[in-house]
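Report on one structure; see the data block that follows.
Chains as they are written, first to last, in this note's numbering: chain A, 3 to 362; chain B, 105 to 458.
As structure tokens, then:
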């Protein structure tokens, strides 16, 4: 019934996910028309791994291990606690696998940082009651390492994505199962590909930088945050067509106040230093980022150098775009960076997230 | 007002009529200007959405008995004289307009119910355009009265504009016409009313269809599933380069996202860009916004092992499809009726061996 047929490929990859009886792609009998979207274990149109089609793996240069954590309380500046989901770092530095997909994830998930040309394995470990994937957004691997359920499969158990990044730049990784919900719930993290020169150079033969900031700007609709992982997949209206955000965050920090000073988000640099801003439009709605009056030189976008850099003081972006910008100034001061998140229909500003660049 | 009874079109019937007249196959480059004549019938009816809900639409249709949403794709050539006759089969007044395609205005003005009008213009300006009903804006456009028309450079078969990056051949070009649908608005318009509620789209289409994931009713049916619709899905061999003309008839701004390869971004809202950027996300403005992109069927750059023609042959011999998705990254567009992920505006990109 599926559009992708099974094959008899021999595989060396182990521990493929089994098919479950509680979660499987729905047969040809119809969509059911409602119900079940929010029920634990009721899922439609998810696609278990087909072991015979799983590709053989090469020896990796670097391995990242990721589990699933669906209990990440985030306290907003107004005191409200919103539950987030994410990928836990289950490697422990030693390359081992995590236990059943549980873990201590952060929002956003821990960054993946690799060097151009490395063979990378991302090992995903998902518990047995749900499905998830990892899609390395902007990275373009073989289709079975692309993490798109309807094209290849969703993951329950263990699965390893193999890829070799050939373009240095700014990317991010996110879940691609019931994506509309899972990415909004926070299942993403930065993905940085360094050039052969290493950190400090934006891309091969490209500009250098002294200081780096990763700003993943996102909106959160807290009314979505009590939904089940499979919400809506079997039909029924669970409101996933309408995003009404009430919080606006920069790299996991509330942009109302906290991001103005949060370590790792707010930037402190010296006059004359070169700051590389890796700006990721991590939400679904259009954004405009303004650099507090500072000039920003856009050198790359979506992991590709621009033919000619562009000098700006603001950037308009849409979902999942990335812009790499160099900022350098000889003027001391504190510059407030503002990111407006806009209604996708009216263009009205729904909220603004702020952080700072302090130049000493 | 009492709701009228409208003829109900299944999505299959809707797309089937559209597929019968692809503009792509009717055009080939020539060294002279021609006269192009086309007739559209303004019709109406109900189209069933993925969750089973019937929604009212109007279309610039190919016959009095069909409903085409969007209207048939057209490609003409720079310098052509284009005569478009509009036959309004409805009781309401409508119009036909294209912005920027000609040095003179292209707008039929009011076409009263039951009347007809012919719009004549010279296609002066190369590029991609939305034709639409400009009356009662934006309602008639949103409810389906729109379609894509392109002007190719004089005598050139593989460039968007003279000197642009090249695509394969005259047939290596596609329209992706996106729309977002608020059924409350549509049905109000069908009942002769002006919508008064906040616009909340619940369905999202490309070329009039939405996705059906594997196993869903209608999956892989070309007239139902946007992932199988030959007007939308891409097929290519390594080395192919496909031009895609993205037009947005809806009210929501979008983020066009391809997997498998970055796109080459050639134009935005009718303006050719000074530099061609390689992007995996291209912004598409609302309310008639457009972008032109080339999708290169290059080996996916980050695949290991490298993808070659032998890789594709191997996959085909094992019955596997070497495929990537295109979807809008404003992910609300991937839903239907508030859920049903993958029943929205998406399609697939198929790599084939040579």
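Think of the CB as a built atom: it goes at the ideal place given N, C-alpha and C, for glycine as much as any other residue. Computed from a prediction, not measured in an experiment: that's the story for all the values here.
Contact set for residue i: own chain, Cβ-Cβ below 8 Å, skip 5 residues either direction
| i | result |
| --- | --- |
| residue 357 of chain B | 387, 388, 389, 390, 393, 434 |
| residue 343 of chain A | 219, 221, 247, 250, 285, 287, 288, 289, 351, 352, 353, 354, 355 |
| residue 385 of chain B | 359, 360, 361, 433 |
Beta-carbon separation (whole angstroms), residue i vs residue j, contact threshold 8 Å
| i | j | result |
| --- | --- | --- |
| residue 326 of chain A | residue 172 of chain A | 5 Å |
| residue 146 of chain B | residue 194 of chain B | 6 Å |
| residue 74 of chain A | residue 88 of chain A | 5 Å |
| residue 316 of chain B | residue 333 of chain B | The pair is not a contact, with the Cβ atoms about 10 Å apart (cut-off 8 Å). |
| residue 282 of chain A | residue 205 of chain A | So it is not a contact: roughly 16 Å between Cβ atoms. |
| residue 215 of chain A | residue 355 of chain A | Incorrect: roughly 14 Å between the Cβ atoms, too far for contact. |
| residue 113 of chain B | residue 249 of chain B | Actually they do not touch by this definition, with Cβ atoms about 15 Å apart. |
| residue 364 of chain B | residue 282 of chain B | That belief does not hold up - the Cβ atoms of residue 364 of chain B and residue 282 of chain B are roughly 20 Å apart, past 8 Å. |
| residue 406 of chain B | residue 299 of chain A | The pair is not a contact, with the Cβ atoms about 26 Å apart (cut-off 8 Å). |
| residue 398 of chain B | residue 347 of chain B | 6 Å |
Top-ranked residue by Cα proximity to residue i, from the options
| i | options | result |
| --- | --- | --- |
| residue 359 of chain A | A:265, A:344, A:183 | A:265 |
| residue 157 of chain A | A:292, A:296, A:125 | A:125 |
| residue 108 of chain A | A:86, A:114, A:116, A:165 | A:86 |
| residue 404 of chain B | A:164, A:115, A:177, A:90 | A:164 |
| residue 152 of chain B | B:306, B:319, B:450 | B:306 |
| residue 226 of chain A | A:208, A:210, A:209, A:246 | A:246 |
| residue 219 of chain A | A:336, A:340, A:243 | A:340 |
| residue 333 of chain A | A:271, A:345, A:313, A:300 | A:271 |
| residue 210 of chain B | B:223, B:219, B:218, B:248 | B:223 |
| residue 76 of chain A | A:252, A:303, A:161, A:310 | A:252 |
| residue 294 of chain B | B:452, B:309, B:170, B:150 | B:150 |
| residue 230 of chain B | B:236, B:202, B:244 | B:202 |
| residue 121 of chain A | A:60, A:328, A:278, A:241 | A:60 |
| residue 396 of chain B | B:148, B:382, B:174 | B:382 |
| residue 458 of chain B | B:234, B:189, B:340, B:301 | B:340 |
| residue 331 of chain A | A:361, A:70, A:291 | A:361 |
| residue 191 of chain B | B:284, B:183, B:217, B:180 | B:217 |
| residue 157 of chain B | B:183, B:288, B:169, B:350 | B:288 |
| residue 72 of chain A | A:162, A:57, A:229, A:80 | A:229 |
| residue 258 of chain A | A:292, A:65, A:277, A:78 | A:78 |
| residue 451 of chain B | A:114, A:44, A:150 | A:150 |
Contacting residues, own chain, Cβ-Cβ under 6 Å from residue i (five flanking each side not counted)
| i | result |
| --- | --- |
| residue 270 of chain B | 262, 263 |
| residue 246 of chain B | none |
| residue 139 of chain B | 185 |
| residue 426 of chain B | 416, 419, 455 |
| residue 305 of chain A | 140, 169, 171, 173 |
| residue 266 of chain B | 257 |
| residue 267 of chain A | 252, 253, 255, 261, 357 |
| residue 68 of chain A | 89, 126 |
| residue 141 of chain B | 187 |
| residue 275 of chain A | 212, 213 |
First and last residue of the uninterrupted beta strand (DSSP E) at residue i
| i | result |
| --- | --- |
| residue 215 of chain B | From DSSP, residue 215 of chain B is part of no beta strand (DSSP E); its letter is neither H nor E. |
| residue 287 of chain B | No beta strand (DSSP E) holds residue 287 of chain B; the alpha helix (DSSP H) holding it covers 287-294. |
| residue 308 of chain A | 306-314 |
| residue 218 of chain A | 213-222 |
| residue 190 of chain B | 185-192 |
| residue 357 of chain A | 351-361 |
| residue 361 of chain B | 358-362 |
| residue 66 of chain A | 64-77 |
| residue 376 of chain A | In the structure as shown, chain A begins at 3 and stops at 362. Residue 376 of chain A is therefore absent and cannot be evaluated. |
| residue 52 of chain B | Residue 52 of chain B falls outside the range modelled here, since chain B spans only 105 to 458, and no answer is possible. |
| residue 165 of chain B | 158-165 |
| residue 387 of chain B | 385-388 |
| residue 112 of chain A | 111-117 |
| residue 282 of chain A | 277-283 |
| residue 234 of chain B | 231-236 |
Cβ neighbours of residue i in the same chain (closer than 7 Å, five flanking residues each side left out)
| i | result |
| --- | --- |
| residue 214 of chain B | 197, 199, 239 |
| residue 190 of chain A | 110, 111, 174, 175, 176, 284 |
| residue 12 of chain A | Because residue 12 of chain A sits at a pLDDT of 26, beneath the cut-off of 50, its placement in the model cannot be relied upon, and the following sentence gives the value as read from the coordinates. Around residue 12 of chain A: no qualifying Cβ. |
| residue 96 of chain A | With a pLDDT of only 35 at residue 96 of chain A, under 50, the local geometry of the prediction cannot be trusted, and the value read off the model is given with reservation. So no residue of the chain qualifies. |
Residues that residue i bridges to, as DSSP identifies them
| i | result |
| --- | --- |
| residue 301 of chain B | None; residue 301 of chain B has no bridge partner. |
| residue 235 of chain A | According to DSSP, residue 235 of chain A bridges with nothing at all. |
| residue 178 of chain B | B:253 |
| residue 429 of chain B | B:452 |
| residue 372 of chain B | B:375, B:395 |
| residue 1 of chain A | Missing from the structure shown is residue 1 of chain A; chain A here goes from 3 to 362 and no further. |
Element boundaries [alpha helix (DSSP H), containing residue i]
| i | result |
| --- | --- |
| residue 181 of chain A | 181-184 |
| residue 420 of chain B | 413-421 |
| residue 244 of chain B | 243-246 |
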